[in-house]
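First up is the structure itself, then whatever we jot down about it.
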Amino acid sequence: MAKTKAEKIAAIELQMTQLENQRKKLIQEQKQQERKDRTKRLCKRMGLFESMLPESISLTDEQFQIFLENHSRRSQPPHTGRIDSAAERTDVRKGHRLYGSAGRGRRGRIGRY
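Just so you know, UniProt numbering puts 24 at position 24 of the sequence shown, and the rest follows in order with no gaps.
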């Protein structure tokens with residue numbers, strides 16, 4: 001039952017179309033999951049926002065947009081993750097330095113050697 005070259009080519013082309021269809025289906029499923037995740041994230045965040053600012057519920061879309069634009073201008077630029085000064089290295093909630101030896105010697109002991 002040896003297949004001719006034409007039959008082999010046809011079988012391979014069939015496999016290629018099947019694989020391409022599987023690829024398209026997986027891409028569609030991935031996009032759908034991304035949309036679901038985005039919708040879930042937006043609903044959670046808006047629910048949190050409305051629970052913290054209940055007066056925002058009665059705003060129209062235009063009023064809400066103006067509200068967000070006004071408040072986003074007042075906010076500070078995002079933190080770059082870089083620590084520039086000693087004041088920023090101090091955890092103000094706990095009152096201690098975030099890193100460094102904090103007065104300890106090279107081996108971590110307090111006092112003289």
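Cβ atoms here follow ideal geometry from the backbone N, Cα and C, with glycine treated the same way.
Reduced DSSP category for residue i - H, G, I as helix; E, B as strand; rest coil
i	result
LYS3	coil
VAL92	The predicted position of VAL92 is uncertain, since its pLDDT is 49 and thus under 50; a value taken from the coordinates is nonetheless stated next. The answer is coil: DSSP assigns VAL92 none of H, G, I, E or B.
LEU53	coil
LEU26	helix
LEU59	coil
Under 8 Å between C-beta atoms of residue i and residue j
i	j	result
PHE64	SER51	no
LEU59	PHE67	yes
Status (buried if at least 16 other CB within 10 Å, exposed otherwise) for residue i
i	result
VAL92	Summary for VAL92: the model assigns pLDDT 49, below 50, so the residue's position carries little reliability, and this model does not support an answer.
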